[in-house]
Every structure is written in C-alpha cells, then in structure tokens.
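To start, the structure itself, in structure tokens.
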Amino acid sequence: MNILVINAGSSSLKYQLLDPDSQKVLAKGLCERIGIDGKFTYKAPGKETVDAVDVAMPSHAEAIQAVLDALVDGKNGVIGSMKEIDAVGHRVVHGGEKFAKSVRITGEVMAAIEECNPLAPLHNPANIIGIKACQALMPDTPMVAVFDTAFHQTMSPVAYTYALPYEYYQNDKVRRYGFHGTSHKYVAGRAAAMLGRPIEELKLISCHLGNGSSITAIDGGKSVDTSMGFTPLAGVPMGTRSGDLDAGILEYLMNKHGMDIKEMLNVLNKKSGVQGISGVSSDFRDLDNAAEQGSERAALALQAFEYSVKKYIGAYAAAMGGVDAVIFTAGVGENSKDTRAKIVSGLEYMGIKIDAEKNNFRGEERDISADGASVRTLVIPTNEELMIAMDTAAIARG
C-alpha cells in the first residue's frame, strides 16, 4: 500500500511516499517558497536527487502537481501512475476537542478543522490549503487528517483545565491541548515493542526534545498530561520559545518597554528559550560548542533546559504513581548523549540510571539503561511520517 504524507505550511510543503506495511520510504522531498518563486527537492533511493531546483509554484496546487509529476516521472519516479497512491495522509496541527483520533476527510470534517483555525492561526489554514490542493488534483483518492493534538484528548479535566474563570473554557475553549501527539504516540508504541510488554501495562514518560520540546506522561498507552498547553509556547524552555513563565512578566515588560501584545508574543516565541538565555543560538550544538569555549550564558541555557525536563519527569512519575520507562526522542533527545546524561543525573533514587558506554551514540533505537536499573531509559528516533502513514492506511482500509 502506498501512502502519500503531506505536511503543508504557509509557503512550504514536506512530502513522503511510504509503504506503511514494509515501513519503506519510496520518495521524499520539500517544496519551498510557494507563492514566491518555488524551489523543489526530491529524493528517492536509487534515483537521481533533484535538489532545490526552480519550479513555478504560485500556489500549493502547483506544488502538489510538482510532487505528483516527480513520483510518476519516467526516469526518477517510483510509481507508474497516480492510481498507485492508495491514500493521502495530511498532518493537521489542531483538532481542538473535536478530534480524538485520525479521521477520513469529508466536507463535515473540513468544516470542523476550519472551526479550529482560531486555535492555530498560523498552521491550520495552511494545512487546509494543502488538503484542498490534493483534493482538486486527486478527487478519487481517500484523504485522511492526522492531528498533532488528538493523542492528548485522553487527558482528564484535572490535567487540561486552567485555573481561570470557567467560562473561558466553556465559551472560548481555553484549555491545555498539547502538541507533538503523533510523535509521542509513535515512540510509545515502539517502547512497548522494545520492552516486550503490552502498552496497556506501561507507564511511560516521553521526552520529545528539539527546537520545540514537549514532555508527555503516557499511562496505558494514553496521554494523561503533557507540557505544552493551549499553544506550543508552554512547558520547558525551547530553542526560541520561553516555556512556562509568570504571566505577570508580560504586563511588566510591555509597560516598561512600550510593547504591544504582538511584539511581546514575538519576544516569547522568537527571541526567548535557550537563545534568549545564551545570546548565542537556538541550536543546541552551537550552545555545546560555546559552553566548551567558556560561555557561561550558553552553559546556563543548557542547564536551565535540562533542569526543566528533569522536573517534568519527576512530576509525571508522581502523577502516574510510577514510571516504567523514560523515552528520549527528536533531534536533541536522539542525538545528544550529554543532554540525556545530565537530565537523568540525580534521578537514581527513582530507579533511573543509564550506562555511559551504552549512551555513547546518536540517532539509533537503543536501551541505554544501566544494569539493575528498575526504570528503563530508551532512545527512540521519532517517525511522525510513518505514524501518519499507518493511521492513514488503517482508515483507508476501513
């Protein structure tokens, strides 16, 4: 079965063609600068790579057409015709409270996604554009929406309710939603397979650590709490996002520096996090290098990030009444042995202890627990595209 996975942004579009049964990636690439001048990248095993060539893309429709043309190209294509694409899976950032699982896209579903636009004004409209472009070019191909927020819809009101006047939840849907759900769902399933136990028996803490980071408590395969909130701004310090802070800081800084809310949110989203603390970079590799060269602020940024993740691990173990495994995933979690080691350092009292030699690697699926550790520590590369393809295939098959 061939599934085309689409992740549409406002001026870009990532794509992969996968066989979810064999987990093989047949082709993948990127459409950039849509609506400007158009850059197209295409990669397929055993085929010639097309790297950032100029392709006219005045809209997402032309971008999708470029993808389809490349997939069926006589020289570099990987399928004979568009009929070999069995379904298309679309990443949709926000499903609000309407969607607790992936769904086949209908007119009613599209209307419900559009109703969630105010909750993700930068992402959902772009996701919708990608869906409509595919529908126009592939009207007979099943389309499936896979939501970043859906996995977290199993949280209880105790976990998702903010201590605000309750009418803000009732009327305006202000609550904790959480994000990175597709990633957390995927690595939780892989953790169960690695441990050889039914996921229904496991208490897991998934640490998706990258430029955007979130921690999720997963009890019996279900999300019971997560660090991101109403928006992806909450939780641990990230590359450029502040993470959790005292909301009173906003009024103080806005009054003192004459900022409006748009300027303040730009500071919180684009100029804060480890970049804000360090003054060096939002890239953790740059911070490692700067810290090694004596930058105290770079070292502080790394320590603040590690400390915050450690606190969430402790909190979520308490919330679930224990933990069987801690998972590290995403760019930093998968690749930084030092970050992993520093986060779990001091958690030996919980049964979390890693082996330094086992931890000396990057980008692979491994158990790095020390012998005798009662809580396993796992490194699992995330694969959101595969998770989207698997969900899409299951729905397309009915």
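In the working numbering, the protein residues as written are 129 to 526. Beta carbons are placed, not taken as given, at the ideal position from N, Cα and C, and that holds for glycine.
Other residues of its chain near residue 356: CB distance less than 6 Å, five sequence neighbours each side excluded: 306, 307, 342, 362 and 363
Are there 16 or more other CB atoms within 10 angstroms of the CB of residue 481, so buried, or fewer, so exposed? buried
CA-CA distance, residue 301 and residue 310? 22 Å
Which one or two residues does DSSP pair with residue 497 in a beta bridge? 482
Measuring straight from C-alpha to C-alpha, what distance separates residue 412 and residue 328? 35 Å
Status (buried if at least 16 other CB within 10 Å, exposed otherwise) for residue 489: exposed
What are the boundary residues of the beta strand (DSSP E) that includes residue 335? 331 to 336
Going by DSSP, name the residue or residues bridged to residue 451. The partner list for residue 451 (beta bridge, DSSP) is empty, contrary to what the question assumes.
Counting C-beta neighbours from all protein chains within 10 Å, is the total for residue 374 16 or more, i.e. buried, or is it exposed? exposed
Residue 176 - DSSP class collapsed to helix/strand/coil: coil
For the alpha helix (DSSP H) containing residue 412, name the first residue and the last one. 412 to 420
If you count every other CB in all the chains shown that lies within 10 Å of the CB of residue 385, and 16 or more means buried, which is it? exposed
In angstroms, rounded to a whole number, what distance separates the CA positions of residue 484 and residue 498? 8 Å
Indicate whether residue 221 and residue 252 have their beta-carbon atoms separated by less than 7 Å. yes
What are the residues that DSSP puts in a beta bridge with residue 263? DSSP lists no partner for residue 263.
Would you please verify whether the beta carbon of residue 390 is less than 7 Å from any beta carbon of chain C? This model lacks chain C altogether; it includes just one protein chain.
Give, in chain order, every unbroken run of the alpha helix (DSSP H) that is at least 4 residues long and sits entirely within the stretch 341 to 421. 376 to 385, 389 to 398, 401 to 406 and 412 to 420
Would you mind sorting residue 217 into buried or exposed? The rule is 16 or more other CB atoms within 10 Å of its CB. buried
Going by C-alpha distance, which of 456, 194 and 149 is nearest residue 167? 194
Does the Cβ of residue 431 have 16 or more other Cβ atoms within 10 Å, making it buried, or fewer, making it exposed? exposed
For the stretch 404 to 411 against the stretch 419 to 434, do three or more pairs of beta-carbon atoms, one drawn from each stretch, fall closer than 8 Å, so that the two count as touching? yes
Residue 233 and residue 273 closer than 7 Å at C-beta: yes
Rounded C-alpha distance that separates residue 345 from residue 276: 16 Å
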